[in-house]
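**Student:**
There are 2 protein chains.
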Amino acid sequence: MPKKVVPEEARRRRRPTRQGQVLSERLIVETALRMLREHGSSGLTARRLGAALGADPSTLYRYFAGLDGLTRAIGEELMGRALDAWRPMGAWRTDLRALGLAIHASYLAHPQAAVLTASRVTGRPREIAVDEAILGILREAGFTDADAVGVYHAFIDLALAFAALDAGALALKDEAREADEEMWTSTYARLPAETHPHIAATAHLLAGRMNRSAYPLVLETLLDGAQARLAARGA
Amino acid sequence: MPKKVVPEEARRRRRPTRQGQVLSERLIVETALRMLREHGSSGLTARRLGAALGADPSTLYRYFAGLDGLTRAIGEELMGRALDAWRPMGAWRTDLRALGLAIHASYLAHPQAAVLTASRVTGRPREIAVDEAILGILREAGFTDADAVGVYHAFIDLALAFAALDAGALALKDEAREADEEMWTSTYARLPAETHPHIAATAHLLAGRMNRSAYPLVLETLLDGAQARLAARGA
DNA sequence: ACCCTTATGCCAACGTCGTAGACATTAACG
DNA sequence: CGTTAATGTCTACGACGTTGGCATAAGGGT
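For the protein sequence lines, the chains are S and P, in the order given. Under the working numbering, the first residue of the first sequence carries the number 294, and numbering increases by one thereafter. Under the working numbering, the first residue of the second sequence carries the number 294, and numbering increases by one thereafter.
1) Could you give the distance in angstroms between the alpha-carbon of P:Asn504 and the alpha-carbon of P:Thr480?
2) Report the rounded CA-to-CA distance for S:Asp517 versus P:Leu329, giving the unit in angstroms.
3) If the cut is a Cβ gap below 8 Å, which residues of chain S does P:Thr514 touch?
4) Going by beta-carbon coordinates alone, are S:Leu458 and P:Ser412 separated by less than 8 Å?
5) Along the alpha helix (DSSP H) that carries S:Thr387, what are the first and last residues, could you check?
6) Give me the Cα-Cα distance between S:Ala456 and S:Leu363, rounded to the nearest whole angstrom.
7) Which residue marks the beginning of the alpha helix (DSSP H) containing S:Gln502, and which one marks its end?
8) Using only alpha-carbon positions, find the residue among P:Leu360, P:Gly368, P:His397, P:Ala366 that is nearest to P:Ala378.
9) Report the option in S:Arg483, S:Asp349, S:Glu420 whose CA atom is closest to the CA atom of S:Leu316.
10) List, in order along the chain, the chain S residues whose C-beta lies closer than 7 Å to that of P:Thr495?
11) Evaluate contact between the segment 479 to 493 of chain P and the segment 424 to 442 of chain P, counting only Cβ atoms and requiring at least three cross-stretch pairs below 8 Å.
12) Determine the chain P residues that contact S:Ile492 at a beta-carbon separation under 8 Å, and present them in chain order.
13) Under DSSP, the alpha helix (DSSP H) around S:Glu301 begins and ends at which residues?
14) In angstroms with no decimal places, state the Cα-to-Cα distance between S:Ala494 and S:Ala482.
15) Any idea what DSSP makes of P:Pro381, helix, strand or coil?
16) Restricting to Cα atoms, I'd like to know which of P:Tyr445, P:Leu346, P:Ile430, P:Gly368 is closest to P:Gly383.
17) So, with DSSP's three-state summary, where would you put P:Ala521?
18) Comparing alpha-carbon positions, which option in S:Tyr508, S:Gly313, S:Gln314 lies nearest P:Phe448?
19) For the alpha helix (DSSP H) holding S:Leu484, just list the boundary residues, first then last.
20) Identify, in the order they occur along the chain, each residue of the same chain with its Cβ nearer than 8 Å to the Cβ of P:Ala464, setting aside the five sequence neighbours on each side.
21) According to the Cβ coordinates, are S:Glu420 and S:Glu370 closer than 8 Å?
22) Mapping the DSSP letters down to three states, classify S:Pro509 as helix, strand or coil.
23) So the candidates are P:Ala402, P:Met372, P:Ala339; which of them puts its Cα closest to the Cα of P:Leu392?
24) Pick from P:Gln314, P:Leu515, P:Ser351, P:His497: whose alpha carbon is nearest that of P:Leu389?
25) Is any beta-carbon of chain S found at less than 8 Å from that of P:Leu499?
26) Count the other CB atoms within 10 Å of the CB of P:Thr410; is the residue buried (16 or more) or exposed (fewer)?
27) Would a check of beta-carbon distances place S:Met503 closer than 8 Å to chain P?
28) Can you tell me whether S:Ser351 is helix, strand or coil according to DSSP?
29) I'd like to check one pair, S:Ile321 with S:Leu346: are the Cβ atoms closer than 8 Å?
30) Give a yes or no on whether 8 Å exceeds the smallest Cβ distance from S:Arg413 to chain P.
31) For P:Arg522 and P:Val442, what's the separation of their Cα atoms in angstroms?
32) Quick one, are the C-beta atoms of S:Ala454 and P:Ala454 less than 8 Å apart?
33) Using a Cβ-Cβ cut-off of 8 Å, state whether S:Gly461 counts as contacting chain P.
34) Would you mind telling me which residues of chain P sit closer than 9 Å to S:Val322, beta carbon to beta carbon, in chain order?
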């Protein structure tokens, strides 16, 4: 095995691949994202990625410690894009909402990648930057440290959990374009009222709602709760 | 390939395996759950499961349409166990909280299995039974149909999303017993206050909190929101 | 301008995986 | 008690992640 993965910033010799491609961590991650979109969340293989890069599969192990390391780098990239898309304005509630939606949107923009990465904590720089930003917003808004940590915990886990869940649904819909989206208008709508009266009575409402994400609503509820706690403390 | 998977209720000939084991869907699912616990979430392979059952790997394809079908059956089993453990008492808020915690606990009791299944909607009977129960609680508590559907949507997605997220963390902790649990006491605690003042200031609080689940707190916040909406409607 | 070192890419190979198809056997039905 | 078809087993294929050894050319030192 390549004894050691050379960190990106220490790379000096950039030797082109047989087909002329010059590799880099960034290029590999971006190519992986494209492959995930095109071939689905199980379509990211060392061999295919190597082929797409015009490089031997084993070359990847000079850049990442196994496909798992590549996966973590992809997650870090998605979190970084969320951070880049976010513009804090100075009002804690508005900023938190925007950040939560940015994270959610960034993952959902690459559902197949999100499925692989959203439930993994990487501990890499951009992810830590997000954590620092959230805690900063809360502490500067006047939350006690204990409250800030509590809200932070709920906020970040909620964003990641829903990113993973909704990405899973979206990726499934893309890959197996079969019945999944229509489940709520077919399977559930067909349940007889005798055995499932409540589903039958609300089937028309379910069909319109279950194909969207519950995240915005739940996030708003969480912010309500936080605001109430802040008000109680301030009073 | 086995031309067709015979549904469990239509099985008549129960031919024992070479090593005397009599197979059934139930036995296979339970064995798979045990294997997942013992070998981790990537340790469920047709060959290993076959060996554990004393049967040829390809036999499994007479019972499930690929490992994916087996995975869905495992998810249905976990949801069924949550339903069995749940005892509704007649008070909507208490019952919803108990059901949410039961789902969460059922998945977390088998984290390695939950990782594979929690983000997949199966549309199988016990899962539908849970949906019917939730909608029933809400509608009989006096929520309008529109509000009931909204709360239902948030509730079930929240339960599944956190089950998946927390199971992922738990499974990782079991499998790679390395640094992951101590990340909050090592990586994050070591960040210098100059670059990450807010993390540094709250590191002692984070360490104690991030290794627990935020689900109970978020669930309570969601129930608060639902109760407020019910009160507004009733007034 | 030239070496020398060694980082980097390539090759060949190993063991494992999911799963398909043909085959063997035995349980259940008439 | 014979027939038949459901069920378990065997064999095999192609793809996978990953490794160790090797060739080569990039970059630094002089």
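Positions of the beta carbon are idealized from the N, C-alpha and C atoms, including for glycine.
**Tutor:** Looking at the atomic coordinates:
1) 14 Å
2) 40 Å
3) Ala447, Thr514, Leu515, Asp517, Gly518
4) yes
5) 385 to 401
6) 19 Å
7) The sequence as given places Arg at residue 502 of chain S; Gln does not occur at that position. Taken as a continuous stretch (DSSP letters only), the alpha helix (DSSP H) holding S:Arg502 covers 490 to 502.
8) P:His397
9) S:Asp349
10) Leu428, Asp438, Ala441, Val442
11) no
12) Ile421, Asp424, Glu425, Leu428
13) Note, S:Glu301: premise wrong, no alpha helix (DSSP H); not H, not E.
14) 9 Å
15) coil
16) P:Ile430
17) helix
18) S:Tyr508
19) Here S:Leu484 belongs to no alpha helix (DSSP H), and DSSP marks it neither H nor E.
20) Gly333, Ser334, Pro404, Gln405, Ala407, Val408
21) no
22) helix
23) P:Met372
24) P:Leu515
25) yes
26) buried
27) yes
28) helix
29) yes
30) yes
31) 13 Å
32) yes
33) yes
34) In chain order: nothing, as chain P lies at least about 21 Å away.
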